[in-house]
Amino acid sequence: MNQLLNKISSTLSQGNIDLPRLEARRILSFVCSKSEDEVALLDRELSAEETQKLEEIIRQRLEHKPLDKILGTKGFYKYDFIVSEDVLSPRPDTEILVEEAIRLLLSDKAQKIIDFGTGSGCILLSLLAESKNWQGQGVDVSAKALSIAKQNAALLGVETQVRWINKGWFDADLAQVLDTPVDMIVSNPPYIPSQDIKSLDDEVKNYDPLLALDGGEDGLHHYRQIAKVSAPLLKDGGCILLEVGINQAQEVAEIFCQAGLRLVKIVSDLGQIARCVILKK
1 MNQLLNKISS TLSQGNIDLP RLEARRILSF VCSKSEDEVA LLDRELSAEE
51 TQKLEEIIRQ RLEHKPLDKI LGTKGFYKYD FIVSEDVLSP RPDTEILVEE
101 AIRLLLSDKA QKIIDFGTGS GCILLSLLAE SKNWQGQGVD VSAKALSIAK
151 QNAALLGVET QVRWINKGWF DADLAQVLDT PVDMIVSNPP YIPSQDIKSL
201 DDEVKNYDPL LALDGGEDGL HHYRQIAKVS APLLKDGGCI LLEVGINQAQ
251 EVAEIFCQAG LRLVKIVSDL GQIARCVILK K
């Protein structure tokens, strides 16, 4: 199997794929239905069916379709999530938001959480898996995204802890369909300025939904609306945690402070980019 791993890795490298060895192990793991550690120790030839599956995966990957969109899953925080081209692929940077939310929530106390723009559900479901005392509402304007989120809730065994709401924050009747007030709102809204979309990496702009990327002319369009609707949904002392793009943290904090919330802190990701803005009512 090591010889095959080397061959796959070389092919991916020649196709300008980052981390080719890592991806080669993940691809073989998927093809053989074995863990990545087990794959490295396998001593057998691939079956005809496995070979066909492998060739098709490599073909798509060399066309720069993201590996998680090919395999249908992406690791995030402690779990693997089902993904598709209908949802934004979870990013490691977003794990900061989950970690900060867990620090703020009390696991032995009933907590109500809203996730605006839930997508795959990776943020909300990672939180709900921490405590059976927590209940969530996943809000998304995309019915296809909510279908993926429902599957992920079942995989994590938290489906009884969550309601799915097919609405957007621009819908006038949003507050009427939510169970409020809540202890926390979390959101990773679209924040890429519209003019920057065309310069994004092909693996992002061609395979992640535009709906989850385009933040309007200055990238702050959705934050302004979320700020308008959020404060009345929170309990006194409740928090909102927002993921933001590069150089957006201060402006986003100001938008929410003007809406009556108080800045708690801004947290940087592993790349030292201000990534998570935390405010309190």
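Numbering (my numbering), first residue to last: 1 to 281. Beta carbons are placed, not taken as given, at the ideal position from N, Cα and C, and that holds for glycine. Since the structure is predicted, the reported quantities are computational estimates derived from the model, not experimental observations.
Looking only at C-alpha atoms, which of the options sits nearest to residue i?
i      : options                           : result
Asp201 : Gly117, Ala231 and Pro66          : Pro66
Asn247 : Val177, Ala274 and Leu127         : Ala274
Arg224 : Phe256, Asn2 and Lys78            : Phe256
Glu130 : Gln137, Leu263 and Gln161         : Gln161
Leu41  : Gly15, Leu5 and Lys74             : Leu5
Asp171 : Pro193, Ala149 and Val229         : Val229
Gln135 : Gln195, Leu155, Ala110 and Ile17  : Ala110
Leu19  : Asn206, Lys69 and Arg61           : Arg61
Val267 : Gly260, Ala253 and Ala259         : Ala253
Asp68  : Val204, His222, Gly271 and Gln250 : Val204
Lys265 : Ala259, Gly271, Gln272 and Gln250 : Gln250
Ala231 : Lys34, Val277, Gln258 and Asn16   : Gln258
Considering only residues of the same chain and omitting the five flanking positions on each side of residue i, which have a CB-CB separation below 8 Å?
i      : result
Ile58  : Ile8, Thr11, Leu12 and Ile27
Arg44  : Met1
Ile197 : Lys205, Leu210, Leu213 and Asp214
Asn133 : Ser107, Asp108, Lys109, Ala110 and Gln111
Glu50  : Val31 and Cys32
Using a Cβ-Cβ cut-off of 6 Å (strictly less than) and excluding sequence neighbours within five positions of residue i, which residues of its own chain qualify?
i      : result
Cys122 : Phe76, Phe81 and Pro90
Glu95  : Tyr77
Gln3   : none
Asp269 : Asp93, Ile96 and Arg275
Gly237 : none
Lys74  : Asp68, Phe81, Val83, Ser89 and Pro90
Gly15  : Leu62
Ala145 : Asp86, Val87 and Gly119
Would residue i and residue j qualify as a contact pair, given that the criterion is a beta-carbon distance under 8 Å?
i      : j      : result
Pro209 : Glu85  : yes
Arg292 : Leu279 : Absent from the model: residue 292. The displayed extent of the chain is 1 to 281, so no value can be given.
Glu36  : Ser47  : no
Val158 : Ser120 : no
Ile226 : Pro181 : no
Gln151 : Asp179 : no
Ala149 : Trp169 : no
Val31  : Lys53  : yes
Val39  : Arg25  : yes
Tyr207 : Val244 : no
Ser194 : Asp214 : yes
Cys239 : Leu104 : yes
CB-CB under 7 Å to residue i, same chain, minus the five flanking residues each way: which ones, in chain order?
i      : result
Lys167 : Val139, Val141, Leu174 and Val177
Arg101 : The residue you asked about is not Arg; residue 101 is Ala in the sequence shown. Taken in chain order, the residues that qualify are Leu127, Met184, Val186 and Leu241.
Ala153 : Gly121, Leu125, Glu159 and Val162
Leu233 : Ile114, Ala175, Leu178, Thr180, Pro181, Val182 and Ile185
Gly219 : Tyr191, Ile192, Pro193, Gly245 and Gln248
Val98  : Tyr77, Ile123, Ser126 and Leu127
Handout entry: Inter-stretch contact (C-beta, 8 Å, three-pair minimum) for the segment 184-191 and the segment 105-125
Key = yes
Practice task
Could I get the ranges of all uninterrupted beta strand (DSSP E) runs contained in the segment 34-79, with 3 residues as the minimum, in chain order?
Solution key: 73-76
Problem - Complete runs of the alpha helix (DSSP H) confined to the segment 138-216 [at least 4 residues] - result: 143-156, 174-177 and 202-205
Practice task
At 3 residues or longer, and completely inside the segment 70-127: list those beta strand (DSSP E) runs for me, N to C.
Solution key: 73-76, 79-82 and 111-116
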